[in-house]
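Number of protein chains: 2
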Amino acid sequence: MTQTLSISDRQRLQLTPLDLPTRLLLGPGPSNAHPAVLQAMSTSPLGHLDPAFLALMDEIQSLLRYVWQTENPLTIAISGTGSAAMEATLANAVEPGDVVLVGVKGYFGYRLVDMAGRYGADVRTITKPWGQVFSLEELRTALETHRPAILALVHAETSTGARQPLEGVGELCREFGCLLLVDTVTSLGGVPIFLDEWGVDLAYSCSQKGLGCSPGASPFTVSPRAMEKIQQRKTKIANWYLDSSLLGKYWGSVGGASRNENRVYHHTAPINLYYGLREALRLIADEGLASCWQRHQKNVEYLWEQLEDLGLSLHVDREFRLPTLTTVCIPDGVDGKAIAHQLLTEHNIEVGGGLGELAGKVWRVGLMGYNSRTESVDRLIEALQKVLPR
Amino acid sequence: MTQTLSISDRQRLQLTPLDLPTRLLLGPGPSNAHPAVLQAMSTSPLGHLDPAFLALMDEIQSLLRYVWQTENPLTIAISGTGSAAMEATLANAVEPGDVVLVGVKGYFGYRLVDMAGRYGADVRTITKPWGQVFSLEELRTALETHRPAILALVHAETSTGARQPLEGVGELCREFGCLLLVDTVTSLGGVPIFLDEWGVDLAYSCSQKGLGCSPGASPFTVSPRAMEKIQQRKTKIANWYLDSSLLGKYWGSVGGASRNENRVYHHTAPINLYYGLREALRLIADEGLASCWQRHQKNVEYLWEQLEDLGLSLHVDREFRLPTLTTVCIPDGVDGKAIAHQLLTEHNIEVGGGLGELAGKVWRVGLMGYNSRTESVDRLIEALQKVLPR
């Protein structure tokens, strides 16, 4: 070993092992991962082409289809967090010059706009005040005006707590010959979704919310109809890591690669996160999707009731409120940031602040996955009683 | 909750909790994560803007600078595996039309070519047979011919086991006014690297090899010189998830955002992987980089000696052999794939096969991070004695 240079210790921190506070994460995500998920994640890793690992990937694919209610062959986890899966839908489906119509009614609509632009889309937007949703009529008018190749909507706007109804939107998109792309980051696992029945062509989500896992392995699915558009691309997919044709060959979802011997290495998967995701999905399959959705609904209704009993009001109309995330209006004269800080430092409870139009106006309270429990609500209400000015 | 559609149980697998074989991972990666890393990864997650988590991100930045021997302010982890960090260097530094010269002497050189092309580079290549490396003279001639904006080299070719010497290459790149981009995926933590002394401008790595962590959080660094090129871009970075200007604001590495209150949310970090990475880096700082490098060198020399005692020969000239990954020639008449399969199924030891030019010709044996121990060598040799034909 030739080593004539000397090593600098300037950045060599001397640290003790991790010693972190234990928080109850009731913000917009991440939520606390289920203890069984954390345990699964500490299993010693296998190789990314080990037959036992490929079998686990198959299980993940099936269970993701179950929670999304889809039969899409290409239903996989992206090896990154939810934003990477968001980018995967656009990177694959958008060709330069495509008109992409984005329904913007919160922060994540703008993120779709930003990303679509980077892939050369001719981006058009329709907007709504933050906390509201689009009607079918509004969507029809916009499709008539813009004639997009893709309509992109956020099912559960993490920045507002509003649920965009999707019934009928898929039919509308077929009528206008466009693909339907849907963000289900804050809905998957906690809010009823019927991807195939609703005619959704491209969807993505994350692991650390309704699924009760840790962040880093993010659901991504492509309908056969969207796959056709991708296969007919005239330009190469402008993103290697998120290229669905390469990913499909590794996951065995496309090109007849369902048998282990045909799998083609793409990248090294985040093995231990896949362990966690498999366990999180297994727990949902065990509970049953209907029970899981009902649990989220029941617990959020209890939260709403308790918050209103405290004299607080909620930002979104009841009809469109998410069971996973609630935006709570900060009362006049109350310093929302200070209250959140107190909840964190004095009670180890995290809640989120507002973004964009809602900055300084709301707290965001999540009850997602493992954290959708009455105990979570009780701990938060008890703490709020202590920190809110009387 | 309106829910008129009925739930399909077609993809609802009924599974038991994870029950996986425990393998000794002596392939090209992943390697086994250190037990303390796996334990850290099972810690309950914090929020991605929690002050305690931001402090942990600062620790990761310092320790990454230490293992890379750099003072680059923007030295962070990408929230994806090594290939995502590879793509991050190109996505940020390449503008359409830039000449990118790639030294190809193995599989990962080709990956750089593929990725650079997707970002609009005018890609040129120089090649060497797999297992060899470029001389300074060859690089000088190539720079004279191609006058690139970026020269990209793989320090440790995971597909061949060869180490590309980098002494003097940085000076050469400065003489020709180009940036030096280096793949350190299979070198970081196990092979001496002096990023600043060598004048490297862009580098990336992974977590699951020399660092002894689990895959999914991947080191990425940008020199002030490369940062200047990025800041002078005329086009937007064509990748949102890997946009260094947005990442730098979240990590507090650019734009005066070093104080917590200035951090700007970009994406939700893979929290638990960052816990693991911090622990892996802490263990290296504890051991000391010099000892860590020496350990890799000592153990690989023991491996070489033992393999040669078995009558096996090694593919790469001793001078350029990696301490982390060894390519072992498959003897004539031996079915390399069958032997690897036997090692896996009968001895729970993973070794890798050859790729590209070396397919069917070599096994790839990694001794990286936690797995760089004499016990690893002893277990492998004992198993090889049983499975190799006499």
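Heads up: the sequence lines are chains A and B, in that order.
Quick note: the first sequence, position 160, residue 160 per our numbering, numbers continuous.
Quick note: the second sequence, position 54, residue 54 per our numbering, numbers continuous.
For every residue, glycine included, the Cβ atom is placed at its ideal position computed from N, Cα and C.
Please report the straight-line C-alpha distance between residue i and residue j, rounded to a whole angstrom.
| i | j | result |
| --- | --- | --- |
| LEU180(A) | LYS229(A) | 12 Å |
| ARG321(A) | GLY168(A) | 19 Å |
| TRP198(B) | ALA156(B) | 15 Å |
| ASN299(B) | ILE78(A) | 36 Å |
| SER42(B) | ASP58(B) | 21 Å |
| LEU449(A) | ASN239(A) | Here chain A covers residues 1 to 390 and nothing more, so residue 449(A) does not appear. |
| GLY256(A) | LEU289(A) | Legend: pLDDT at GLY256(A) = 48, less than 50; position of this residue unreliable, value from coordinates given subsequently. Taking the straight line from one Cα to the other gives about 30 Å. |
| ARG174(B) | VAL182(B) | 15 Å |
| VAL328(A) | GLN294(A) | 22 Å |
| LEU202(A) | LEU151(A) | 10 Å |
| THR75(A) | ARG12(B) | 14 Å |
| LEU26(A) | GLU71(A) | 32 Å |
| LYS128(A) | GLU357(A) | 11 Å |
| GLN388(A) | LEU310(A) | Residue 388(A) is actually Leu in this sequence, not Gln. Straight-line Cα distance between these residues: approximately 9 Å. |
| THR221(B) | TYR241(B) | 16 Å |
| LEU188(B) | GLY131(B) | 19 Å |
| GLN231(B) | ASP50(A) | 42 Å |
| CYS292(A) | LEU5(B) | 16 Å |
| THR424(B) | GLN297(B) | As shown, chain B starts at 1 and ends at 390. That puts residue 424(B) outside it, with no answer to give. |
| ALA359(B) | ASP335(B) | 12 Å |
| SER207(B) | SER223(A) | 33 Å |
| THR141(A) | PRO165(A) | 17 Å |
| SER245(A) | ASN262(A) | 14 Å |
| HIS266(B) | SER31(A) | 17 Å |
| MET1(A) | ARG225(B) | Bear in mind that the predicted position of MET1(A) carries a pLDDT of just 47, short of 50, making it unreliable; the figure below should be weighed with that in mind. Rounded to the nearest angstrom, the two C-alpha atoms are 30 Å apart. |
| GLY82(A) | SER214(A) | 11 Å |
| THR374(B) | ALA280(B) | 20 Å |
| ARG390(A) | THR326(A) | 22 Å |
| ARG379(A) | ALA340(A) | 14 Å |
| SER376(B) | GLU308(B) | 16 Å |
| CYS178(A) | PRO96(B) | 30 Å |
| ARG10(A) | GLY252(A) | 47 Å |
| GLY170(B) | MET86(A) | 37 Å |
| HIS48(A) | THR235(A) | 30 Å |
Could you round the C-beta distance between residue i and residue j to whole angstroms and report it? I think they count as a contact, below 8 Å.
| i | j | result |
| --- | --- | --- |
| LEU455(B) | TYR275(A) | The displayed coordinates of chain B run from 1 to 390. Any statement about residue 455(B) would go beyond what the structure contains. |
| LEU184(A) | TYR204(A) | Looking at the sequence shown, residue 184(A) is not Leu but Thr. That pair is a contact at about 7 Å. |
| VAL94(A) | ALA121(A) | 5 Å |
| LEU312(B) | PRO331(B) | 7 Å |
| LEU273(A) | GLY216(A) | 4 Å |
| VAL365(A) | GLY354(A) | At roughly 12 Å, the Cβ-Cβ gap does not stay under 8 Å, so VAL365(A) and GLY354(A) are not in contact. |
| ILE7(A) | GLN69(B) | 7 Å |
| ARG23(B) | LEU54(A) | No, ARG23(B) and LEU54(A) are not in contact; Cβ-Cβ is about 14 Å, not under 8 Å. |
| VAL133(B) | ALA162(B) | 5 Å |
| PRO148(B) | ARG124(B) | 7 Å |
| PRO270(B) | LEU64(B) | Incorrect: roughly 16 Å between the Cβ atoms, too far for contact. |
| ALA33(A) | GLY248(A) | With 8 Å as the limit, ALA33(A) and GLY248(A) do not qualify as a contact, their Cβ atoms being about 28 Å apart. |
| LEU195(B) | LEU172(B) | Between LEU172(B) and LEU195(B) the Cβ distance is about 16 Å, and since that is not below 8 Å, they are no contact. |
| THR158(A) | PHE108(A) | 6 Å |
| GLY80(A) | ALA84(B) | 6 Å |
When DSSP builds the beta bridges, which residues end up paired with residue i?
| i | result |
| --- | --- |
| ASP309(A) | None, per the DSSP bridge assignment. |
| THR125(A) | VAL102(A) |
| GLY392(B) | An answer regarding residue 392(B) cannot be provided, because it is not within the stretch 1 to 390 covered by chain B. |
| LEU24(B) | ILE349(B) |
| LEU18(A) | Answer is none; LEU18(A) lacks a bridge partner. |
| ILE78(A) | SER218(A) |
| LEU5(A) | DSSP lists no partner for LEU5(A). |
| LEU314(A) | VAL328(A) |
| task | Return the chain-ordered ranges of every beta strand (DSSP E) run that is complete within the region 114-164 of chain A and spans a minimum of 3 residues. | result | 122-127, 150-154
| Is there contact here, the region 309-320 of chain A with the region 11-30 of chain B, by at least three beta-carbon pairs under 8 Å? | Per the Cβ contact rule, the region 309-320 of chain A is not in contact with the region 11-30 of chain B (fewer than 3 Cβ pairs under 8 Å).
| request: Check whether the region 332-351 of chain B touches the region 376-389 of chain B, taking contact to mean three or more Cβ pairs, one atom from each stretch, closer than 8 Å. | output: yes
| field | Completely contained beta strand (DSSP E) runs for the region 166-247 of chain B, where each covers 3 or more residues | value | 179-183, 202-204, 218-222
| Does the region 22-42 of chain A come close enough to the region 357-374 of chain A to have 3 or more Cβ pairs within less than 8 Å? | yes
| query | With a cut-off of 8 Å, do at least 3 Cβ pairs link the region 95-104 of chain A to the region 112-126 of chain A? | reply | yes
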